[in-house]
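Residue numbers (the working numbering): 33 to 150.
A short write-up of the structure that comes next.
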Amino acid sequence: MSNLERQCPPEFLNSQQLFGARIRKIRDALGLSRETVAERAGIDAPYLGEIERGEKWPALWMSRSIARVLGVSPARFFEFEEATEDAPPPDKLKRFLESRTPEEQNRVLHVVKAMFDC
33 MSNLERQCPP EFLNSQQLFG ARIRKIRDAL GLSRETVAER AGIDAPYLGE
83 IERGEKWPAL WMSRSIARVL GVSPARFFEF EEATEDAPPP DKLKRFLESR
133 TPEEQNRVLH VVKAMFDC
């Protein structure tokens, strides 16, 4: 039994891993190092690593602090990819676009218009 399995009930294991993976995905997309985010959030980089690997659940203040550094709402950490897999395509596209900058949204719009000659 892993350390993670001893600390977390099985029914929450997947959520904990998805939560941490979501933080890492956002951090990576912003091009920020784990050390930079941890320092700005007021936590240790190794602890942020444990959160990202799904080994630890952060305290609420830590989640809020990490979210502030990443420029997102803490709710974004709960937007698991797994939860959107069965969503209708328009919902997936909306969620995807909401997480993009206005410039990226315009590029997507140009691609879609080119695909449909409009």
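No residue lacks a Cβ here, since even glycine has one placed at the ideal position from N, Cα and C.
Under the three-state DSSP convention, the category residue i falls into
{"i": "A91", "result": "coil"}
{"i": "L129", "result": "helix"}
{"i": "V104", "result": "coil"}
Exposed unless 16 or more other CB atoms sit within 10 angstroms - verdict on residue i
{"i": "F148", "result": "exposed"}
{"i": "A61", "result": "exposed"}
{"i": "L102", "result": "buried"}
{"i": "K88", "result": "buried"}
Rounded Cβ spacing between residue i and residue j (contact assumed at less than 8 angstroms)
{"i": "V104", "j": "I58", "result": "6 angstroms"}
{"i": "E111", "j": "R54", "result": "7 angstroms"}
For residue i, the first and last residue of its enclosing alpha helix (DSSP H)
{"i": "R17", "result": "Given that the chain is displayed from residue 33 to residue 150, the structure contains no residue 17 and the question cannot be resolved."}
Original post:
Does the region 86-98 touch the region 121-138, meaning 3 or more C-beta pairs lie closer than 8 angstroms?
Top reply: At 8 angstroms Cβ cutoff, the stretches do not touch.
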